[in-house]
Amino acid sequence: MNADIIASHGLDPAEYQKIVQILGREPNYAELGVFSVMWSEHCSYKSSKVHLKLLPTEGPAVIQGPGENAGIVDIGSGLAAVFKMESHNHPSFIEPYQGAATGVGGILRDVFTMGARPVASLNSLRFGRFDHPRTPYLLGGVVAGIGGYGNCIGVPTVGGELRSEE
Numbered sequence: 016m017n018a019d020i021i022a023s024h025g026l027d028p029a030e031y032q033k034i035v036q037i038l039g040r041e042p043n044y045a046e047l048g049v050f051s052v053m054w055s056e057h058c059s060y061k062s063s064k065v066h067l068k069l070l071p072t073e074g075p076a077v078i079q080g081p082g083e084n085a086g087i088v089d090i091g092s093g094l095a096a097v098f099k100m101e102s103h104n105h106p107s108f109i110e111p112y113q114g115a116a117t118g119v120g121g122i123l124r125d126v127f128t129m130g131a132r133p134v135a136s137l138n139s140l141r142f143g144r145f146d147h148p149r150t151p152y153l154l155g156g157v158v159a160g161i162g163g164y165g166n167c168i169g170v171p172t173v174g175g176e177l178r179s180e181e
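If you count by the numbering used here, then the sequence shown holds residues 16 to 181, one letter each, in order.
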């Protein structure tokens, strides 16, 4: 593998060396692709983990912390709140409507798998500069995808926030 192929898979040289160490040899192209996907920000939160680890994950009201499909917090009176967060940056950049819709679908799936029924969703969206020519296309597709998926199965988007890089 050359440096261009490794970089095109979103891996840095240290990550590539870790793959070689794990396998005990150079990976083939298919193996490099698998590691690339599994170690992507989308799947492993490799650049976000440092920030996510700052959030509290244990306490008397925490029924389920990190490690399962969704978090569960006891809110009293025999009730619990189940919640999930998802980033779908890369899929939404490639195909905004479908990328955002599948992000919502994954969130709802994970809430369902914990035995709960989703009743609403929120979003927190981040985009590049609003004056970039692609941003309106991305924003329109992402917002439509979020609303479209939730609405078609009866889970409305009840709020959210939007920020741009400026």
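Think of the CB as a built atom: it goes at the ideal place given N, C-alpha and C, for glycine as much as any other residue.
Quick one: what's got a C-beta closer than 7 Å to L154's C-beta in the same chain, skipping five residues either side?
-> Counting only Cβ-Cβ distances below 7 Å, and skipping sequence neighbours, we find F142.
Per-residue burial, F50 [other beta carbons within 10 Å of its own, 16 or more giving buried] | By the 10 Å Cβ count, F50 comes out buried.
Any chance the segment 24-31 sits against the segment 74-85, with 3 or more Cβ pairs inside 8 Å?
-> The answer is no - the segment 74-85 does not touch the segment 24-31, with fewer than three Cβ pairs under 8 Å.
Buried or exposed: where does P111 fall if 16 or more other Cβ atoms within 10 Å of its Cβ makes it buried?
-> Result: buried.
With 16 other CB atoms within 10 Å as the buried threshold, where does I122 fall?
-> Under this definition I122 is a buried residue.
Rounded to a whole number of angstroms, what is the C-alpha to C-alpha distance between I161 and E73?
-> Roughly 30 Å separates the two Cα atoms.
What is the residue span of the alpha helix (DSSP H) that I78 lies within?
-> Note, I78: premise wrong, no alpha helix (DSSP H); beta strand (DSSP E) at 77-79.
From this set, E180, S139, R149, which residue's C-alpha is nearest T172's C-alpha?
-> Sorting E180, S139, R149 by C-alpha distance to the C-alpha of T172 places S139 at the top.
Nearest to E176 by CA position, among G93, Y164, S136, K99, is which residue?
-> The shortest C-alpha separation from E176 is found at S136.
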